[in-house]
Amino acid sequence: MTKRGCDDNRKIDMIQLSKNYSLPERQEESVPIKVVGVGSAGSNALDRVLLDGMDKADLIAINTDVQSLASSVAARKVQLGRTCTRGLGTGGDPELGYQAAIESAEEIRQAIAGARMIFICAGLGGGTGSGAAPIVAQLAREAGSLVIAFATLPFSFEGKRRAAQAQDALARLNEVANAVICFDNDRMGDMVAPKAGIHQAFGVADMTISQSVRSILNLIQRPGLIRIGFDDLFAALRSQNGRCLFGFGESDSDNRAHEALTQALKNPLMDKGRMLSEAAHVLVQVTGGPAMTLSEVEILMRELGRYVCDRTQIVFGTAVDGKMGNRLSVTIISSLAAEDSSVAQQMPAQPEPFLAPPPAILEQIEEPSTPAPAPKIEIAPEPETAVPAQPAANDLIQFEQPVETQLPAGPSIKKPAPRLIPPKKKPVVEKEAQPSKGKHAHAKQEVMQFEPVARGRFEKSEPTIVEGQDLDVPTFLRKNIRVR
Amino acid sequence: MGSSDLIVGLEIGTSKICVVVGETRFDGTLKILGVGQAPSRGVRKGEIVDFETAMKCVHEAVVNAEQKSDVMIRSVYVAVSGSHIQSFNNRGCIVLPEERDEIDDQDVEDVKINAREVSIPAQNAFLHSIIQHYHVDGQNGVLNPVGMLGEKLEADFHIIHGVRTRIQNTIRCVKELPLEVEDVVFSPLASAQVVLTQHQKNLGALVVDIGGGTTDYILYVDGAVKQSGVLAVGGDHITNDISMGLRIPMARAEKLKIEEGSCTLGNCLPGETILLKDDSGFAGKEIERETLNTIIHLRLREIFELLKRTVEEEPFINYAGAGVFITGGCSLLGGIDHLAGEIFEMPAHVTHAQTLSGLTSAAENPQFSTAIGLLKYAQAVQIDRPRRGITRIFGRFFSGMR
Numbered sequence: 001m002t003k004r005g006c007d008d009n010r011k012i013d014m015i016q017l018s019k020n021y022s023l024p025e026r027q028e029e030s031v032p033i034k035v036v037g038v039g040s041a042g043s044n045a046l047d048r049v050l051l052d053g054m055d056k057a058d059l060i061a062i063n064t065d066v067q068s069l070a071s072s073v074a075a076r077k078v079q080l081g082r083t084c085t086r087g088l089g090t091g092g093d094p095e096l097g098y099q100a101a102i103e104s105a106e107e108i109r110q111a112i113a114g115a116r117m118i119f120i121c122a123g124l125g126g127g128t129g130s131g132a133a134p135i136v137a138q139l140a141r142e143a144g145s146l147v148i149a150f151a152t153l154p155f156s157f158e159g160k161r162r163a164a165q166a167q168d169a170l171a172r173l174n175e176v177a178n179a180v181i182c183f184d185n186d187r188m189g190d191m192v193a194p195k196a197g198i199h200q201a202f203g204v205a206d207m208t209i210s211q212s213v214r215s216i217l218n219l220i221q222r223p224g225l226i227r228i229g230f231d232d233l234f235a236a237l238r239s240q241n242g243r244c245l246f247g248f249g250e251s252d253s254d255n256r257a258h259e260a261l262t263q264a265l266k267n268p269l270m271d272k273g274r275m276l277s278e279a280a281h282v283l284v285q286v287t288g289g290p291a292m293t294l295s296e297v298e299i300l301m302r303e304l305g306r307y308v309c310d311r312t313q314i315v316f317g318t319a320v321d322g323k324m325g326n327r328l329s330v331t332i333i334s335s336l337a338a339e340d341s342s343v344a345q346q347m348p349a350q351p352e353p354f355l356a357p358p359p360a361i362l363e364q365i366e367e368p369s370t371p372a373p374a375p376k377i378e379i380a381p382e383p384e385t386a387v388p389a390q391p392a393a394n395d396l397i398q399f400e401q402p403v404e405t406q407l408p409a410g411p412s413i414k415k416p417a418p419r420l421i422p423p424k425k426k427p428v429v430e431k432e433a434q435p436s437k438g439k440h441a442h443a444k445q446e447v448m449q450f451e452p453v454a455r456g457r458f459e460k461s462e463p464t465i466v467e468g469q470d471l472d473v474p475t476f477l478r479k480n481i482r483v484r
Numbered sequence: 485m486g487s488s489d490l491i492v493g494l495e496i497g498t499s500k501i502c503v504v505v506g507e508t509r510f511d512g513t514l515k516i517l518g519v520g521q522a523p524s525r526g527v528r529k530g531e532i533v534d535f536e537t538a539m540k541c542v543h544e545a546v547v548n549a550e551q552k553s554d555v556m557i558r559s560v561y562v563a564v565s566g567s568h569i570q571s572f573n574n575r576g577c578i579v580l581p582e583e584r585d586e587i588d589d590q591d592v593e594d595v596k597i598n599a600r601e602v603s604i605p606a607q608n609a610f611l612h613s614i615i616q617h618y619h620v621d622g623q624n625g626v627l628n629p630v631g632m633l634g635e636k637l638e639a640d641f642h643i644i645h646g647v648r649t650r651i652q653n654t655i656r657c658v659k660e661l662p663l664e665v666e667d668v669v670f671s672p673l674a675s676a677q678v679v680l681t682q683h684q685k686n687l688g689a690l691v692v693d694i695g696g697g698t699t700d701y702i703l704y705v706d707g708a709v710k711q712s713g714v715l716a717v718g719g720d721h722i723t724n725d726i727s728m729g730l731r732i733p734m735a736r737a738e739k740l741k742i743e744e745g746s747c748t749l750g751n752c753l754p755g756e757t758i759l760l761k762d763d764s765g766f767a768g769k770e771i772e773r774e775t776l777n778t779i780i781h782l783r784l785r786e787i788f789e790l791l792k793r794t795v796e797e798e799p800f801i802n803y804a805g806a807g808v809f810i811t812g813g814c815s816l817l818g819g820i821d822h823l824a825g826e827i828f829e830m831p832a833h834v835t836h837a838q839t840l841s842g843l844t845s846a847a848e849n850p851q852f853s854t855a856i857g858l859l860k861y862a863q864a865v866q867i868d869r870p871r872r873g874i875t876r877i878f879g880r881f882f883s884g885m886r
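So the protein lines, in turn, are chains A and B. For the first sequence, the working numbering begins at 1 and goes up steadily by one. For the second sequence, the working numbering begins at 485 and goes up steadily by one.
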C-alpha cells in the first residue's frame, strides 16, 4: 500500500520533471525592453550600449540639446522642451530640465509605451539628467513598466553644487524607480591608469553602464538552468537610498572561474570585494559555454563565499549560452544600505549579541552533518584588507549561519525567493584579536584545542627562536589558524 | 699537475647525506663521476645530534658513492650549516709606508688580516672571509689593487663565522671514517657556485636553499657576497606541521609532502581529498588537499617572510636584479616559486646546478645543489691556490672566491 503510494508519487514527479524539461523558457526573450538615455551623459552611455551590440532592446535618446541629440546613434530620439529651451541645453539647471520634461511629457509617454521594462541611463548633476530623469522614470512607472535607473554621480572636482544637485536627483529617482544602480565617477577613476587619456576615463563610466545594462538584460532574458527573475533582481537592489555594488568579469583562460571572479571584484563599485561583506543580498549569475563544469561554478562560489558574511543571502543563477564559447562570465549585483538603519531592520530583536555561547551550542557546531561542506580552512584576514566600511557594532559578532544561506553545494539547488532570514539567536563570540569578522563567511569551526607543548619531533632539540617565536611549533598553531 | 684531479663533495644534510664525486679536467671543466647518497639519521637542523648514527650514515653514503663512481675516496670537501653560523660585513684598512706608494701582494694580505680584527664570540671561528671590493684612496669598486698607486688601501669583506666546536663535530665525524677533510664550506656559498652564473651574481641575486633542517641563504650584489645566513627551519618542519595538523605519523607526512604537497592555495576542487592507504600501525585516512596545502603554504610563507625581514635589515635586497633562486629539496614543492615571487616582490626561480658535464641527471635535482656546488667551489679554490698539503681549516683566508 505504502509502496504503491510511493511509486505514484514518483511517477508524478517524473512527469512534472519531463514537462519542465520539454518546455524551454523561450517566451522570456519576448519581454519588451527599452533603454532610455536622458541628457548628454545618458546618450553617451546609450551610444556605448549600442556600439557594444544590443539587439534585444529599443534604444531611446532623450535630451534638451538638439545638437547632442542629433549626434546620438539611438534609433528613436525625443527632444525635450521645444519652447522652454528651444533646442539648447539647460545650462546645468535641473529646474529647467524638469520643466522641459513636463512640457514634453506626452512625447516621452509615447516613446516608452509598451515596454515591460525600462532602463534609464542618466548622468546626474547637470540639468537634463538631474531634472528630466526622475520624470521619465515616473512616466514609465505610470505606464506600468518596471524601471531600473543607471545613474552616474559627478566627479568631486566638478564642485559641490553639482554634487548636491546629483544627490537631490538621486533621491527623487530612488523614490520612483524600482531600482537604482548608481556609479560614482570618482570611483571610476580608480579603474583608469593615471596617464590614460581623458576620453578613456569618461569612456570607462559609459562602458561600465553598458556592461551592467547588458548583463542585467542577459540575466533576465537568457534561459538559465537556474533562472534569476525580476524578483531576485529587485531583492538584490532593494535597499533604498543605498549604494549599488556591481561587478562583471569574464575570462577564457584555464583558470577562468577564478579570473572572472577576480575581475568582477576588481570593479570599482566593488572595492575589491570588501563591500560585499556588508551586503544583505548578493545576486550572482554565472554564464558560460556548454563546456562550463560544475566544479568551476563550485570553485567560483566558494571563493565568493569568502567575501560575503554569514547572514548574506546569496541568490545564485547560472545559464549556459552557446555564444559564450570558451568564456565564462560572472555578474555580481548587490546593494549596501546607506545607513546602519537597514542593518538594524534586517536583524530584528537581536538579544545581547556579545554573550558567550552556552556549551550546548558548541556541541551543535561540532556536528559533522552539515550538508554543504564549507571549506575547512580559513586564513585569518590580513589586517590591512580588513577595513570594514561600516564599523557597525554587529561587525564584531558572527552568527551561526542558517542552513538556507549557505553557499549552494552546486547549481542544482534553487535558492528560495530572497527573504530575510532572521539569524538564529546563537551568536558565536570570536576572539577579539581577529579583525573583520564580517568579511569571512565560515565561522562554524570550533577552536581546536592543542596540547600546550606542540613541538612534535623537535621536542628535544634546541629551539629555533626568531623574533620571539618558537619556529618549531607549527605555523598554523602560532598564527591561530584553524585547520580542520 | 696531473691531467685530472678528483674532487669529492660531502653534504651531511638533515634528511639525507649526499656525496658527489667529480673530476676537474686540465681544460678546466668539471665532470661528475657519481653520486652516492644515504638517508640521514642523527642529524637535526643541519647539525649532528647523534654522532655514532650519523657516522654510520656518512659511511654508507661514501661507500655508495665509491661504488657508483668506481673510485677510491680519500679526501672530501664538507658543507656545513646550522643556526650557529653568522655573518657580517667589515672593512679593513692599511696605510702604505711613506717610502712606497705601489700596492703589492703583501699589502693585500695585510688588509685582509686587518679586516678580520674584529671581535667575534670567543668560542667562534672564522669560516670564510670573502672579499667584496677594494678601495684605494677613496676610489671605490677596485677589483684588484695590486700594482696600483695609492697611500691607503681599504677592503670590504664578508665574514662568516660559527661555533668552533660545532663545526669540528662535523669534521670529526668525517675524520673518524677515516677520510681527510680538505675544507669546510658554508652550504649556501657552495650552492651559489652552481646555481648562479657569474652574470647573475653581478646583477644581484638571492639564493635560498631550503633543505631538510635549515634554510640557508646568500645574497650577491655586484658580484660580491653581501649577506648570508641560516634559518634553522626547513622541510622537517613542514613534515612536522603536516603530521600534527592532520594527525598522521611523521613517515606518512613526509611521504604525503613529497608526493602531493603544494603551497598553492585555492586551486583544488571543493572537498577534494587524498586517500592515505592503511598500513601496519596506521589506519587509512582521507584528508583534504586544501588542508594539506594550507599547512605547507603557511610554513613556507613564514620562512620567506622571515628571510625577507632579515635580508631587508640592510638595503641590499633592492639590488638583487636577477631575483630569488630557490634550491634544495623543498624547492620541489609545487607553487613555491610563485609564493616566493609574491613575498619578495621580484622574480623567483626554482633552480638546480647548472653548466656541468657528466651525470647531468644528478645536476638537475635541486637536492644536490650544495654537494655539486662544493666541487665547483673546490675547483675554484684549487685554481687559486694549488694544492699545498693539509689545509688549515681555521684561521685560513680565502679571497679568490667570489
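The beta carbon of each residue, even a glycine, is placed where N, CA and C say it ideally should be.
Note to self: Considering just the uninterrupted stretch of the alpha helix (DSSP H) at residue 792(B), what are its terminal residues?
What the structure shows: 773-795
Check: Exposed or buried, which one is residue 171(A) when buried takes at least 16 other CB atoms within 10 Å?
Finding: exposed
Notebook entry, point to check: With a Cβ-Cβ cutoff of 8 Å, do residue 720(B) and residue 811(B) count as a contact?
Noted result: no
Item checked: Contact set for residue 630(B): own chain, Cβ-Cβ below 7 Å, skip 5 residues either direction -> 587, 588, 589 and 592
Item checked: residue 638(B) - partner residues in DSSP beta bridges -> 577(B) and 619(B)
Check: What is the residue span of the beta strand (DSSP E) that residue 703(B) lies within?
Finding: 699-705
Next item on the list: Establish whether the CB of residue 262(A) and some CB of chain B are separated by less than 8 Å.
Entry: no
Checklist line | Beta-carbon proximity check, residue 643(B) vs residue 535(B), cutoff 8 Å | finding: no
Next item on the list: Confirm, please, whether the CB-CB distance from residue 853(B) to residue 837(B) is below 8 Å.
Entry: yes
Next item on the list: Could you spell out where the beta strand (DSSP E) holding residue 746(B) opens and where it closes?
Entry: Segment: none, residue 746(B) is in no beta strand (DSSP E) and carries neither H nor E.
Check: Closer than 7 Å, Cβ to any Cβ of chain A: which residues of the segment 811-836 of chain B, in chain order?
Finding: none
Notebook entry, point to check: For residue 690(B), which residues of its own chain have a beta-carbon under 6 Å away from its beta-carbon, when the five flanking residues on both sides are left out?
Noted result: 703, 804 and 808
Margin query: Let me confirm a value: residue 293(A) is counted as buried when at least 16 other C-beta atoms fall within 10 Å, else exposed. Which label applies?
Written below: exposed
Notebook entry, point to check: DSSP three-state call for residue 667(B): helix, strand or coil?
Noted result: strand
Next item on the list: Note down, in chain order, each residue of its chain lying with its Cβ closer than 6 Å to the Cβ of residue 77(A), except the 5 sequence neighbours on either side.
Entry: 61 and 69
Note to self: Check whether chain B comes within 8 Å of residue 385(A), counting only Cβ atoms and requiring the distance to be less than that.
What the structure shows: Residue placement at residue 385(A) cannot be trusted, given a pLDDT of 40 that sits under 50; the coordinates are not used to answer.
Next item on the list: Quick one: which residues of the segment 99-110 of chain A get their C-beta closer than 9 Å to a C-beta of chain B? List them in chain order.
Entry: none
Margin query: Determine whether the beta carbon atoms of residue 641(B) and residue 569(B) lie at a separation below 8 Å.
Written below: no
Notebook entry, point to check: Straight-line CA distance for residue 456(A) to residue 789(B)?
Noted result: 23 Å
Margin query: 8 Å is my cut-off, CB to CB: does residue 754(B) come that close to chain A?
Written below: yes
Notebook entry, point to check: If we count the other Cβ atoms within 10 Å of its Cβ and call it buried at 16 or more, is residue 520(B) buried or exposed?
Noted result: buried
Notebook entry, point to check: What is the C-beta distance between residue 315(A) and residue 281(A), in whole angstroms, given that I count them as a contact (C-beta under 8 Å)?
Noted result: 6 Å
Note to self: DSSP has residue 803(B) in a bridge; who is on the other side?
What the structure shows: In the DSSP output, where bridge partners are listed per residue, residue 803(B) has none listed.
Margin query: Measuring straight from C-alpha to C-alpha, what distance separates residue 413(A) and residue 297(A)?
Written below: Note on residue 413(A): pLDDT 41, under 50, position unreliable in the model; no value is reported.
Note to self: Rounded to whole angstroms, what is the Cα-Cα separation between residue 407(A) and residue 767(B)?
What the structure shows: At residue 407(A), the pLDDT of 40 sits below 50, so the modelled position is not reliable and the matter cannot be decided from this model.
Check: Which chain B residues sit within Cβ distance under 9 Å of residue 298(A)?
Finding: 753, 754 and 755
Check: Would a C-beta distance cut-off of 8 Å place residue 508(B) and residue 524(B) closer than the cut-off?
Finding: no
Checklist line | Collapsed DSSP secondary structure at residue 608(B) in the structure displayed | finding: strand
Next item on the list: Answer with yes or no whether the minimum CB distance from residue 209(A) to chain B is below 8 Å.
Entry: no
Next item on the list: Tell me, please, whether the CB atom of residue 366(A) is closer than 8 Å to any CB atom in chain B?
Entry: Note that residue 366(A) has pLDDT 41, beneath the 50 cutoff, so the model's placement of it is unreliable and no number is given.
Note to self: I need the DSSP call for residue 571(B), collapsed to helix, strand or coil.
What the structure shows: strand
Margin query: I need the straight-line Cα distance from residue 889(B) to residue 662(B), nearest angstrom please.
Written below: The structure shown has nothing for residue 889(B), since chain B only spans 485 to 886.
Checklist line | Listed by chain order, chain B residues near residue 303(A) by CB distance under 9 Å | finding: 750
Margin query: Is residue 883(B) close to chain A? Criterion is C-beta to C-beta, closer than 8 Å.
Written below: Residue confidence is low: residue 883(B) scores 38 on pLDDT, short of 50, so the model does not pin down where it sits. No coordinate-derived value is stated.
Notebook entry, point to check: Can you list, in chain order, the residues of the segment 461-481 of chain A whose Cβ is nearer than 8 Å to any Cβ on chain B?
Noted result: 461, 462, 464, 466, 467, 471, 472, 474, 475, 476, 477, 479 and 481
Next item on the list: Determine the DSSP secondary structure at residue 632(B), reduced to helix, strand or coil.
Entry: coil
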